[in-house]
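Numbering (my numbering), first residue to last: 50 to 386. First up is the structure itself, then whatever we jot down about it.
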């Protein structure tokens, strides 16, 4: 498997991917091609200090055994991107949506200055796939010859392979390594490992309350709006980083007016990131969609940042007041499956 090579998605013969029509949380053990995510490597004596000066999470907690879902803000405290940060070998690795990789690489290099660190695009060097399913904890341990990580961010390496647990409603992992090694492990986990498309993986991110910022929503949210403190990606006791003053002021002096919710709607079309939400009593938008994906039931699931008072009042609709009505619940941000 080449680093950019897609996993073939099984077809049901009905024009839909194999996961369609199955409960996505309990469809069994699955593998997803994550080639739509890019990978940045940062290494060198100053790598930790450099990244700690930029990101909202406490990078000191990131190690070969512990990763982190965190973010990078602009000077106004608005999130540029959210991502998984983990250590593999001697380098920190940033897994983020591929559309945001070029701008993130450029911006990182602008901040590097005299820091003793190197930044490289590892997208074509390392293959990455997503693994999901209740039966994989045991099967991974057997295939890798060692216990698999389970708590969110827990990281383990097995020779050339690195496994990062994502936590949430069911066991999930990011697997990264040389293409041949990744391919060998996925083959070893067969039979019964169902290939699923990017939309199925996005759905599982949504159900786990993981807010992945896209180009359409970059610079729209501050960290508290996206539940980053609960996810372990926002620290108020670390050193300075871009936008820290704005973020801290809201935490200690202000009141959060918008926040992240998980919602469902009757629709056969998932709205794009940045789609607006509307409610009664105002012509202004009361929320923005972070990400959305179809459910096998004919509904859609989405993460959205919504005005808290409007959400409490209810009757929030997608895209206009005649659009699908949203049913809300709290995102499941549990650290362990």
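C-beta atoms are modelled at their ideal positions from N, C-alpha and C, and glycine is treated no differently.
Measuring straight from C-alpha to C-alpha, what distance separates residue i and residue j?
i	j	result
residue 307	residue 268	15 Å
residue 73	residue 248	Annotation note: pLDDT 47 at residue 73 (below 50); position unreliable, coordinate value reported separately. Their Cα atoms are separated by approximately 11 Å.
residue 85	residue 141	20 Å
residue 70	residue 126	Its pLDDT being 41, under 50, residue 70 is placed unreliably by the model, and the measurement read from it follows with that caveat. Computed Cα separation, rounded: 41 Å.
residue 75	residue 304	Bear in mind that a pLDDT of 46 at residue 75, under 50, signals an unreliable position, so the number given afterwards is only what the model happens to contain. Distance between the alpha carbons of residue 75 and residue 304 is about 38 Å.
residue 112	residue 238	27 Å
residue 227	residue 130	26 Å
residue 366	residue 240	43 Å
residue 317	residue 233	37 Å
residue 338	residue 210	35 Å
residue 161	residue 279	29 Å
residue 122	residue 192	39 Å
residue 133	residue 201	11 Å
residue 283	residue 116	13 Å
residue 159	residue 344	41 Å
residue 371	residue 377	18 Å
residue 301	residue 295	10 Å
residue 173	residue 187	30 Å
residue 276	residue 270	11 Å
residue 363	residue 356	11 Å
residue 334	residue 150	29 Å
residue 110	residue 293	18 Å
Between the beta-carbon of residue i and the beta-carbon of residue j, is there less than 7 Å?
i	j	result
residue 107	residue 287	yes
residue 262	residue 135	no
residue 354	residue 299	no
residue 430	residue 312	The requested residue 430 is not part of the displayed model; the chain covers only 50 to 386.
residue 78	residue 182	yes
residue 99	residue 119	no
residue 179	residue 81	yes
residue 102	residue 204	no
residue 225	residue 177	yes
residue 220	residue 242	no
residue 171	residue 93	no
So residue i and residue j are supposed to be a Cβ contact under 8 Å. How far apart are they, rounded?
i	j	result
residue 368	residue 329	Going by Cβ atoms, the distance from residue 368 to residue 329 rounds to 15 Å, so no, they are not a contact pair.
residue 216	residue 257	7 Å
residue 168	residue 145	Wrong, their Cβ atoms sit about 13 Å apart, outside the cutoff.
residue 323	residue 235	In fact, because the Cβ distance is near 34 Å, the residues do not count as touching under 8 Å.
residue 264	residue 148	5 Å
residue 341	residue 326	The pair is not a contact, with the Cβ atoms about 11 Å apart (cut-off 8 Å).
residue 128	residue 272	6 Å
residue 88	residue 223	Contact doesn't hold; Cβ gap of about 10 Å is too wide.
Just reading off the beta strand (DSSP E) that residue i is part of, what are its end residues?
i	result
residue 170	167–170
residue 376	376–378
residue 325	325–327
residue 353	348–356
residue 107	Neither: residue 107 is in no beta strand (DSSP E) and is coded neither H nor E.
residue 119	117–122
residue 199	That residue, residue 199, is in no beta strand (DSSP E); it is neither H nor E in DSSP.
residue 128	128–137
residue 82	79–82
residue 240	Element bounds for residue 240: n/a, residue is neither H nor E.
residue 340	336–343
From which residue to which residue does the alpha helix (DSSP H) around residue i run?
i	result
residue 156	150–161
residue 190	185–193
residue 318	From DSSP, residue 318 is part of no alpha helix (DSSP H); its letter is neither H nor E.
residue 248	247–256
residue 233	228–237
residue 100	96–101
residue 299	293–301
Nearest to residue i by CA position, among the options, is which residue?
i	options	result
residue 359	332, 344, 170 and 350	332
residue 346	361, 356 and 315	315
residue 138	206, 166 and 297	206
residue 124	348, 297 and 334	297
residue 164	379, 357, 250 and 97	97
residue 379	218, 373, 364 and 293	218
residue 175	152, 198, 157 and 143	143
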